[in-house]
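Asks: Have a look at this one.
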Amino acid sequence: MTLATGIGSFPGTEQRDFDEALRLVLGELGEGALPFLPEVPGRGVWAGMVGRTLGLVGELDADLQPAGWRLTGTSGAPALDQRRARSLLGQDLDALEEQASAYSGAFKVQVTGPWTLAATVERPRGDKVLADHGARRDLAQALAIGVADHVADVRRRLPDATRIVLQLDEPALPAVLGGGVPTASGFGRHRTVHPPEASDALAGVLGAARDAGAEPWVHCCAPDTPLALLRGAGADGLAVDLALLDAAGHEALAEALDTGGAVALGVVPSTDPAEPPTEKDVVGAVHRWLDMVGLDPGEAADRLVLSPACGQAGASSGWARQSLALLRSAAASLS
C-alpha cells in the first residue's frame, strides 16, 4: 500500500498554528497513511529544525548568539534558549499525546542530522562545528543519544503505534561533502568531509534510532544528494525531491526499492504553485518514474511514499492542507 506523508515543516507563527497543523496531519493522514509530528519554525528559532534538535541533545549545552546557535560546553546546565527549545518540543509532544495516544498505525518524527548541525552550529570558540574534527564527532555522538531518548519518548506517548519512523533531515550534506559550506568570514569554505567520516557519523545516529525501535530514514531535498552513501550508512528509507534527481540518483532509488527499502518521492510542490497539480498528474508522474527505472508498480507500491518536494514552512495554510489531501488521494490510487 502506497502511503502519503509530509516532510515536516508547516506555515504559521503561533502555538495555535502548530495545534491546527497537528489536527490537519492526523485528520488527512490517519490510519493507512504516515502522519508525522509537524514543525512550525515560524514560532521562532527555538522551533526551527536546528533549535528543535538541540533541545533534544542533553549531552551538550547550547545558546543563541547573533550568528545563531553556539555550543557552550558539557556542564549539564543548558542556557535559557536551549531550555526554551526543549520546553517547546515537550509542549508539542504533549499535544500529540493528547490527540493521538490511541493511534495504532505508523508515525514519523523528524530530527536534524549530524552534518547539517555541524554546518550550522558554532563551536564555543567560534566558527562552525564543521571546522573541528573532534567537535563534530562529539556532536554526532550526543545527537545519537538524544535521538534514542526521543524515540523512546515518542513510543511511550504512542504505545499502540505499529511503526515509528525517525527521519534525519540533512539538507546541508551535499555542501559538506563538496566543500561548499562558508567559513564565518564568508570569504572561504570549510574543507571537504570525506565520505567514510560522513558515513560513520550518520551510521551512529541511524543505528541509535534503530536500536531504540524506530525505522531510520534520511531526507535531503538538495541536488547531488549522496543516496548510495545514505543507504550504506544504514538508512532504511530515502526521502527526496523527485525533480532534482540525476541519473545516479534514479538508479540509487530504484536499487533501494528493489532491495526492500522505503522511498519517499517528493512529487507535489512545497510552496503554492501557479497551477496546482491534479491527482492524475501526480499518479502519472510516479508511473512514468517507475517505468523509467524499470520497476513494476504493483511490486513497488508497498514501499513507496508520496510527499511534498520539501518542507512547507513557506507555503500558505491553504496549500499545506490541499497538498496533503492530494497526496493521500494519489497514494490511494496507486495502491
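Take the sequence shown: its position 138, counting from 1, is numbered 130 in this note's numbering, and each next residue is one higher.
C-beta atoms are modelled at their ideal positions from N, C-alpha and C, and glycine is treated no differently.
Computed from a predicted structure; not experimentally measured.
Jot down the residue ranges of each uninterrupted beta strand (DSSP E) in the segment 159 to 230, minimum 3 residues, whole runs only, in chain order.
Replies: 206 to 211
Asks: For Ala200, which residues from the same chain have a beta carbon less than 6 Å from its beta carbon, with the 5 sequence-adjacent residues on both sides left out?
Replies: Ala136, Val139 and Ala140
Asks: When you measure from the CB of Ala200 to every non-hydrogen atom of the ligand ZN, does any distance come out below 8 Å?
Replies: Among the components of this structure there are no ligands whatsoever, and the ligand ZN is therefore not found.
Asks: According to DSSP, simplified to helix, strand and coil, what is Asp124?
Replies: coil
Asks: CB Ala(-4) to CB Ala231, shorter than 9 Å?
Replies: Contact flag unset, no.
Asks: By alpha-carbon positions, which one of Thr263, Ala305, Gly60 and Arg117 ends up nearest to Phe10?
Replies: Nearest neighbour of Phe10 by Cα position, chosen from Thr263, Ala305, Gly60 and Arg117, turns out to be Ala305.
Asks: Asp152 to Val32, Cα distance in whole Å?
Replies: 26 Å
Asks: Please check the pair Ala54 and Arg62, which I expect to be a contact at CB under 8 Å, by giving their CB distance rounded to whole angstroms.
Replies: Contact between Ala54 and Arg62 holds, with the beta-carbon distance rounding to 6 Å and staying under 8 Å.
Asks: So, for Pro122: in the same chain, excluding its five sequence neighbours on each side, which residues have a beta-carbon less than 7 Å away from its beta-carbon?
Replies: Per the sequence shown, residue 122 should be read as Leu rather than Pro. Hits under 7 Å: Ala110, Ala111, Arg128, Val168, Val173 and His182.
Asks: So, using beta-carbon positions, are Pro208 and Leu249 closer together than 9 Å?
Replies: no
Asks: Within the chosen definition, does the segment 185 to 197 reach the segment 90 to 97 through at least 3 CB pairs nearer than 8 Å?
Replies: no
Asks: At 4 residues or longer, what runs of the alpha helix (DSSP H) sit wholly inside the segment 36 to 98?
Replies: 41 to 46 and 72 to 92
Asks: Please look up how many angstroms separate the CB atoms of Ala52 and Val103, rounded, as I've assumed it's under 8 Å.
Replies: First, the residue type needs correcting, since residue 52 is Leu and not Ala in the sequence shown. Not quite, the Cβ-Cβ distance comes to about 15 Å (not below 8 Å), so this is no contact.
Asks: Do three or more CB pairs link the segment 264 to 282 to the segment 217 to 231 at distances below 8 Å?
Replies: no
Asks: May I ask you to verify whether the segment 237 to 253 touches the segment 214 to 222, counting CB pairs closer than 8 Å and requiring at least 3?
Replies: The segment 237 to 253, when compared against the segment 214 to 222, does touch it at the 8 Å Cβ threshold.
Asks: Would DSSP call Pro106 helix, strand or coil?
Replies: helix
Asks: Since I believe Leu21 is in contact with Pro30 (beta carbons under 8 Å), could you give me their beta-carbon distance rounded to a whole number of angstroms?
Replies: Taking 8 Å as the upper bound for CB-CB distance, Pro30 and Leu21 are not in contact here, some 11 Å apart.
Asks: Determine the extent of the alpha helix (DSSP H) in which Leu234 is found, giving its start and end residues.
Replies: Counted as a single uninterrupted DSSP element, the stretch harbouring Leu234 is not any alpha helix (DSSP H), since DSSP gives it neither H nor E.
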